[in-house]
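Protein chains in written order, with this note's numbering: chain A, 1 to 542; chain B, 1001 to 1542.
The structure is reproduced here in structure tokens:
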């Protein structure tokens, strides 16, 4: 027996965008331009531009399912594309402006991008790979009066020429593609994730729930996470769904620029990777009275494990709670959040900080399990370690045109995350490591992440990472790589003494390398592969 | 181009119930028994009983899609059925214990109910119609040691006999039927609404959002709305989805019993019809220091228009906000909520109260429009009136086996609500009347609801309704029917003087009838049809 409800009503981005056109016309969108100036608009005119864009792209000959790339910072016109492209049945393909031009050429070609909407300030990057791609139409979002290249169209002129003809956005299948994003895996070619309307909608709905971000129409969201990283964690969609005000930093991700936006726009929720928030904290600590973060109620952090010291610092020194989210491009991205359950209401502040430094419980409709290398299920006891596997409506089912991507999926249809985790009795996920970073010492696993998070709590340490390096007796041993805070000093012995009370003795790093900087990926994560190459023989050569 | 996400992951009740089994085992469920005593359990053991029930029903021979009726008050074992039946692929059919036995016989037969789970205290009601139905299995939730009828099974013994065999709940299609509920329309036979898993899930998700109830795992929900009314507004599902504590009143819906539960269990959200909340207010006003409502953050009211005076009284006298929800059995039920938008932050308290007395803005994915009798769209200007039509994933698409139900749907697939509304520029719905209750005077419409809500703001009035009665010159004219507060008196002339500043002169009731009580439907709504019959000739005979 089937239900007799309107189960054919499709869950599409256009459904909530059209509602936003009706209900949230006056909600502000505030962006910072490349020259540092602020531009203000509201959702009403912004979404009218999205409709014009839909008409314009149709007039260029683009058809249902065609890919429209973006190469842009976070700003209001990128949002125009974000809403207009999927609503018109096309597919937004966000290109990561931090990738090498060779990778961008590969990705734009592999995705068969037919058009690209690009920031004028990023034209020099586009020039480096455009001719190696099938891109036919280059549409430039200008911020100066400099002449355009001959091959390029002016975004503003294009919109002006595209009179909306009164036709509605098309009816779409909720399973139709809405967006694409390539993951920059450390091995193999980048792989494409193709989001559906349904997956975007369900992800945005869930992330708005009170046990997650709890996003409402009185929130002001500052998405520092780039719009080319898994749809800026879905925040542009969630904001249009709930009617939240949006604040966009443009290319200015320095702490002062962000703190100014927070103060000026009364931001309530800021979202970004740990390094961004470490920068904010340092700027606040350097001059606590210079800024005003009293409007902030939540700092959403994802993309890398959040040091407990960071959570503690924001909470105790600035009264702001950090919510850790875990996920990947392949999980849209939010799959779990580290909100503290009521069962811990009586716990000490320390216990709560420790809890919040973990990756939290899976969101509704995200199923999780962890399995050993032999494939046996790991008990939810907080001790056993295994690779996290997930399943759910906003989890990737296969990569785009990628035969070798199949190895990321189990035979029974779960996605293998590559994260080594423990799962606690209440369902809380604790990432112990990336499967490629876990240190295999004498047949046992050492969590590099646990060690580096602990090291970053040492007062002399600005940044720290721990890598596996070959060692004859134990096969692999941990090596710490540390950047000191300016004006501070420490030694390997001191750091080991600092770590010893927190971990088994055999987890202690065999050595510490002090460096000026740790190389990072385009997503701001530590680039451990580069360090491993550099320090490969550190324990062998002595 | 299709998305490449796990779009086949079904949105089912079992998905979040299984998550609750893992994450929310310790969440309390507190119920009041018929004898007034309190019983406490938690979701862990409760959901284990749901699994046993699934095994037991299978062993009775029930198969996928079969209907299992309930005839029960709100309590923890009704929840066991609520979760266990749909998760095992069967269909919960909640019977309204306030209906006439003839109607219950018709409904249980029309739905082909194969089993019924019934409160022992409701067995006398069941006896009055059981033999006229196809019900094969009667399962009694006992609260005494009295012997059972020969045809009946003991719920507890049935569960005890059903050892879970380790088999999982079955994989279900998200469009499979999960529940049924008949609407007691005032014309024609009751009509069945068949909820799907998908519609229940999406409704529960949306109702939890911050712009709606904002339900989280630190909430304690007291659902006074019966579980046989549109799934108790989805609150049992929403609570399991979010991990909220649930408090159930059993058959004790008097103000003192409810206030005791609020005080004792620290209830944060209470949900029910206006008459229930009017009762609470009267009890609080009679003895303001006797109770403690400080834990309450929200009173969700639906089922009938909420008098502005009630919203104002709870807010100003007890610091509790009322959220008005609008919906019908056919809309799962929540379709709109009267939360005040940020654009009104600068408005006066009076303006906000007036706003909250309206039916609010449609939830995401609920499309609304209003059309005149001629079918033309009514502008969103807050003035024009038309019949509200809705569309969305949790709106009925057709009634169960009901050819004459087709008239409730438009040719282009919208559901006709029968409510006469205005829609304001910001999307706020204002119900002017039921289409059958609107007073058609001289070719113009008078809103009976507006008049009766205003009358209920008069200090001498306990309850008031306004009905259309035939009148030779204007075709219909309004007649007020009023119940006085004990110890108060007033006159028709005084009431008209009270109304005159608020409405056009031609809206004034021609007469007022003072009565001891206003007859009500089983849902607690004024039974205007009975009044119309009684006062049909009031203005003709003079």
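No residue lacks a Cβ here, since even glycine has one placed at the ideal position from N, Cα and C. Since we're looking at a predicted model, the values are computed, not measured.
Item, Value
"Are any of the Cβ atoms in chain A nearer than 8 Å to that of residue 1341 of chain B?", "yes"
"Report all residues from its chain with a CB closer than 8 Å to the CB of residue 1535 of chain B; omit the five preceding and five following residues, and keep chain order.", "1467, 1469, 1479, 1481 and 1513"
"Could you run through the region 264-277 of chain A and flag, in chain order, every residue whose CB is less than 9 Å away from some CB of chain B?", "none"
"Do you know offhand how far residue 138 of chain A's Cα is from residue 1199 of chain B's?", "42 Å"
"If contact means a Cβ-Cβ distance below 9 Å, which residues of the region 26-45 of chain A contact chain B?", "26 and 27"
"Taking the alpha carbon of residue 1476 of chain B as the point to measure from, which residue in B:1459, B:1329, B:1463 and B:1511 has its own alpha carbon closest?", "B:1511"
"What residues from chain B crowd round residue 177 of chain A, counting only those whose CB sits closer than 7 Å?", "1001, 1002 and 1003"
"So, at 8 Å on beta carbons, what are the nonlocal neighbours of residue 1153 of chain B in its own chain, with the 5 sequence-adjacent residues on each side left out?", "1137, 1138, 1139 and 1140"
"Taking the alpha carbon of residue 1451 of chain B as the point to measure from, which residue in B:1282, B:1306 and B:1016 has its own alpha carbon closest?", "B:1306"
"Could you tell me how far apart the beta carbons of residue 1039 of chain B and residue 1068 of chain B are, in whole angstroms, since I believe they sit closer than 8 Å?", "The Cβ separation is near 23 Å, so there is no contact."
"Does the beta carbon of residue 1453 of chain B sit closer than 8 Å to a beta carbon anywhere in chain A?", "no"
"Please confirm whether residue 1358 of chain B has its beta-carbon closer than 8 Å to some beta-carbon of chain A.", "no"
"Assess, as a yes-or-no matter, whether the region 1160-1167 of chain B is touched by the region 1041-1055 of chain B under the definition of 3 or more beta carbon pairs within less than 8 Å.", "yes"
"With 16 as the cutoff for other CB atoms within 10 Å, does residue 1216 of chain B come out buried or exposed?", "buried"
"Can you list, in chain order, the stretches of the beta strand (DSSP E) that have 3 or more residues and sit fully within the region 394-453 of chain A?", "415-423, 429-434, 439-441 and 444-446"
"For a contact defined as C-beta to C-beta under 9 Å, what are the partners of residue 166 of chain A on chain B?", "What residue 166 of chain A touches in chain B: nothing, since even the nearest Cβ is about 15 Å away."
"Give the residues of chain B in contact with residue 241 of chain A, contact being defined as C-beta atoms less than 8 Å apart.", "1364"
"Nearest to residue 1319 of chain B by alpha carbon, out of B:1112, B:1268, B:1346 and B:1359?", "B:1268"
"Buried or exposed: where does residue 1010 of chain B fall if 16 or more other Cβ atoms within 10 Å of its Cβ makes it buried?", "buried"
"Which residue spans inside the region 1474-1532 of chain B form an unbroken beta strand (DSSP E) run of at least 3?", "1475-1484 and 1511-1514"
"Buried or exposed: which applies to residue 1104 of chain B, given that a residue is buried once 16 or more other Cβ atoms fall within 10 Å of its Cβ?", "buried"
"Nearest to residue 1158 of chain B by CA position, among B:1146, B:1492, B:1142 and B:1338, is which residue?", "B:1142"
"How far does the beta strand (DSSP E) with residue 466 of chain A in it extend, from its first residue to its last?", "461-471"
"Are the CB atoms of residue 73 of chain A and residue 360 of chain A nearer to each other than 8 Å?", "no"
"Since residue 394 of chain A meets chain B, which of its residues come closer than 7 Å, beta carbon to beta carbon?", "1005"
"Would you tell me roughly how many angstroms separate the C-alpha atoms of residue 1496 of chain B and residue 1486 of chain B, rounded to the nearest one?", "21 Å"
"Do you know whose CA, among B:1214, B:1071, B:1402 and B:1317, lies nearest residue 1128 of chain B's CA?", "B:1071"
"Within this structure, are the beta carbons of residue 301 of chain A and residue 333 of chain A separated by less than 8 Å?", "no"
"By DSSP's criteria, residue 1181 of chain B is part of a beta bridge. Which residues make up the other side?", "B:1193"
"What does the Cβ neighbour count give for residue 1151 of chain B, buried or exposed, with the cut at 16 atoms within 10 Å?", "exposed"
"Looking at residue 1012 of chain B and residue 1174 of chain B, is the spacing between their C-beta atoms short of 8 Å?", "yes"
"Could you give the DSSP three-state label for residue 1128 of chain B: helix, strand or coil?", "coil"
"Name the DSSP beta bridge partners of residue 366 of chain A, please?", "In DSSP, residue 366 of chain A forms no bridge with anything."
"Under 8 Å between C-beta atoms, does residue 194 of chain A make it to chain B?", "yes"
"Quick one: measure Cβ to Cβ for residue 225 of chain A and residue 1005 of chain B, integer angstroms, because I've assumed they're closer than 8 Å.", "Not really, about 20 Å apart at Cβ, beyond 8 Å."
"Can you give me the start and stop residues for the alpha helix (DSSP H) that residue 1110 of chain B sits inside?", "1101-1110"
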